[in-house]
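Shown next, in structure tokens, is the structure this report addresses.
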Amino acid sequence: VPELERRASGLKLLVLDVDGVLTSGDLYLIGEDLEAKRYNFHDGLGIALLRSAGIKIALMSDRSTPPLYRRAKELNVDDVAPVVGGDKETSLNQLLEKMGLSPAQAGYMGDDLRDVPPMKLVGVPIAVANARPEVKAASVHVTAAAGGDGAVREAAEWLLDLRGQKEAIMAPFVQTREEQAQSANGGATGPAGGGD
Ligand SMILES: [Mg+2]
913 VPELERRASG LKLLVLDVDG VLTSGDLYLI GEDLEAKRYN FHDGLGIALL RSAGIKIALM
973 SDRSTPPLYR RAKELNVDDV APVVGGDKET SLNQLLEKMG LSPAQAGYMG DDLRDVPPMK
1033 LVGVPIAVAN ARPEVKAASV HVTAAAGGDG AVREAAEWLL DLRGQKEAIM APFVQTREEQ
1093 AQSANGGATG PAGGGD
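Just so we're aligned: 938 in our numbering is position 26 of the sequence shown, and the numbers increase by one with no gaps anywhere.
See below:
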């Protein structure tokens, strides 16, 4: 669809809901104050691929606990947007204002009802396989993978493919140093740091 390719090409920021998108959506409570969530390493490289393409990444969560900031640091994301009172629309607008971007220049990946308002505003709203039906209805694309199972990696490669950049961005990651030297005139840059 040319319209979708146009929107993907204008993308400057991808906002990721955390629970149920970057994680499986499961929350394990351990003893008095410990908790555990399941993230997926494939998403880390997906984030690195998007950043190589000049797309900023922001995490959005209303459970801004220390482990979230630890994961955000590991993933080398550009920002973490806290959510107050479940109002993700306000958080998105504040983030866009801070970054000097229009809603059309943003994408958003979500799984539950509170993700629908920000998804209605952005240029590329994406739902994960485990999203509620209302979230899928508000999206332009539903990933085959569920949150915590590589949905962000899948969406990253889908976006790069729409932008016609997938091969060029991924090439340096799979090439030997000799192959990289041979294709040095191909316009691809070296693998970016960060991610997994
Ligand atoms: Mg969620």
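Even for Gly, the Cβ is constructed at its ideal location relative to N, Cα and C.
- Using a 10 angstroms sphere on the CB of Lys-1010, the tally of other CB atoms stays under 16, which defines it as exposed.
- Excluding residues up to 5 positions away in sequence, Ala-1068 and Ile-1081 lie with their Cβ nearer than 6 Å to the Cβ of Leu-961 in the same chain.
- Judged by DSSP in its simplified three-state form, Val-989 adopts coil rather than helix or strand.
- When DSSP states are grouped into helix, strand and coil, Glu-944 belongs to the coil group.
- Ala-1043 sits in coil when the DSSP states are folded into three classes, being neither helix nor strand.
- Cβ-Cβ distances below 7 Å link Ser-921 to Arg-1075 in the same chain, with the five nearest sequence neighbours on each side left out; the list follows chain order.
- Remark: C-beta atoms of Asp-929 and Asp-1027 approach each other more closely than 7 Å.
- Note on geometry: alpha-carbon atoms of Ser-973 and Glu-947 lie some 16 Å from one another.
- Under the DSSP assignment, Ile-969 falls in the beta strand (DSSP E) whose first and last residues are 968 to 973.
- Remark: C-beta atoms of Arg-950 and Gly-1062 do not approach each other more closely than 7 Å.
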